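Q:
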Amino acid sequence: MKEKRIKLKKIPLLVAILSLIPILSFAFIYNNNLEKDITNPDFVTEEVLEETTPVINETKKIINPYLAQDVTIGKSYYDYNGQEEEQINSITVHDNTYMQNTGIDYVSENEFEVVAILEGTVVDVKEDDISGKTVQIKHDNGYVSNYQSLGEVTVKKDDIISQGQVIGKSGTNELEKELGNHLHFEIYVNGQAVNPIDYLDKELKTEKEN
Numbered sequence: 024m025k026e027k028r029i030k031l032k033k034i035p036l037l038v039a040i041l042s043l044i045p046i047l048s049f050a051f052i053y054n055n056n057l058e059k060d061i062t063n064p065d066f067v068t069e070e071v072l073e074e075t076t077p078v079i080n081e082t083k084k085i086i087n088p089y090l091a092q093d094v095t096i097g098k099s100y101y102d103y104n105g106q107e108e109e110q111i112n113s114i115t116v117h118d119n120t121y122m123q124n125t126g127i128d129y130v131s132e133n134e135f136e137v138v139a140i141l142e143g144t145v146v147d148v149k150e151d152d153i154s155g156k157t158v159q160i161k162h163d164n165g166y167v168s169n170y171q172s173l174g175e176v177t178v179k180k181d182d183i184i185s186q187g188q189v190i191g192k193s194g195t196n197e198l199e200k201e202l203g204n205h206l207h208f209e210i211y212v213n214g215q216a217v218n219p220i221d222y223l224d225k226e227l228k229t230e231k232e233n
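If you read the sequence shown in this note's numbering, its first letter stands for residue 24, the second for the next number, and so on.
Shown next, in the form of structure tokens:
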């Protein structure tokens, strides 16, 4: 019986073929697993989700602090750049002291409900002999709204308030008793009192994580 011998010139070709087998097998398995991972929703890790939290720009309109139709402005905000007559009508006098009005006084013959101009958190509820009952609400973007001369308060400190929610009712106080039933309303932006007319019924742009 004759032994079959492989010619030397065929050995390199055979070695090359044998060495390619594990490489091709690994590539096939890796590619198959990759396709499965891509189509599998579990392939996205929690770390990736945390790093790609989208930010949505929202636009919200600031509403008036009341809903009643018979409410009018009894005293306006004191504008340092305004006309002299307007400035005179925006002065509050108490105990022979003249003070520039830092908000708007809304008046009505009838008691009216007072509502939050934006969603936020109640940061202060107090009662003062001069200003009456007061509610202060903190909003996004450095906005704070202040409601004074309330006859009734229906919220408490740390309450989460939605826009338009009733927080109390109009009333009277000693500081502006000549106005009778009214609401003294103020807006602060980053700690500074601003003219509410420039912000009410205007759109406020906020950023919110989705």
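Built from N, CA and C at the ideal position, the CB exists for glycine as well. All figures in this text were calculated on a predicted structure; none of them were measured in a lab.
Determine the DSSP secondary structure at Leu173, reduced to helix, strand or coil.
A: Here Leu173 sits in strand by DSSP.
Q: Tell me the rounded alpha-carbon separation between Glu142 and Ile183.
A: Distance between the alpha carbons of Glu142 and Ile183: 8 Å.
Q: Do Leu90 and Val138 come within 8 Å of each other at the CB atom, strictly closer than that value?
A: Going by C-beta atoms, Val138 is nearer than 8 Å to Leu90.
Q: Which residues share a DSSP beta bridge with Glu136?
A: Glu136 is bridged to Lys192.
Q: Is it buried or exposed for Gln171, if we count other Cβ within 10 angstroms and need 16 for buried?
A: The residue in question, Gln171, is buried, as its Cβ has 16 or more Cβ neighbours within 10 Å.
Q: Report the option in Tyr211, Ser154, Glu197 whose CA atom is closest to the CA atom of His162.
A: Checking every option, the nearest Cα to that of His162 belongs to Tyr211.
Q: Report the rounded CA-to-CA distance for Leu242 versus Ile114, giving the unit in angstroms.
A: This structure gives no information on residue 242, because the portion of the chain shown stretches from 24 to 233.
Q: Is the number of C-beta pairs between the stretch 203-220 and the stretch 115-126 that are closer than 8 Å three or more?
A: The answer is yes - the stretch 115-126 touches the stretch 203-220, with three or more Cβ pairs under 8 Å.
Q: How far does the alpha helix (DSSP H) with Glu249 in it reach, from first residue to last?
A: This structure cannot settle anything about residue 249, because the visible part of the chain is limited to 24 through 233.
Q: Taking 8 Å as the threshold (C-beta atoms), are Tyr100 and Asn213 in contact?
A: Going by C-beta atoms, Asn213 is not nearer than 8 Å to Tyr100.
Q: If you check the beta carbons only, do Val176 and Lys156 fall under 8 Å apart?
A: In contact: Val176 and Lys156 (Cβ atoms closer than 8 Å).
Q: Find out if the Cβ-Cβ distance for the pair Ile96, Leu227 is shorter than 8 Å.
A: No, Cβ-Cβ distance for Ile96 and Leu227 is not below 8 Å.
Q: Three-state secondary structure (DSSP) at Ile220?
A: Helix at Ile220.
Q: Can you name the residues that DSSP bridges to His117?
A: Paired residue(s): Thr120.
Q: With distances taken Cα to Cα, identify the nearest neighbour of Asp151 among Thr195, Gly203, Tyr103, Asp224.
A: With distances taken between Cα atoms, Asp151 lies closest to Thr195.
Q: Once the 5 residues before and after Asp224 are set aside, which same chain residues still bring their CB inside 8 Å of it?
A: Lys84, Ile85, Ile86, Asn87, listed in sequence order.
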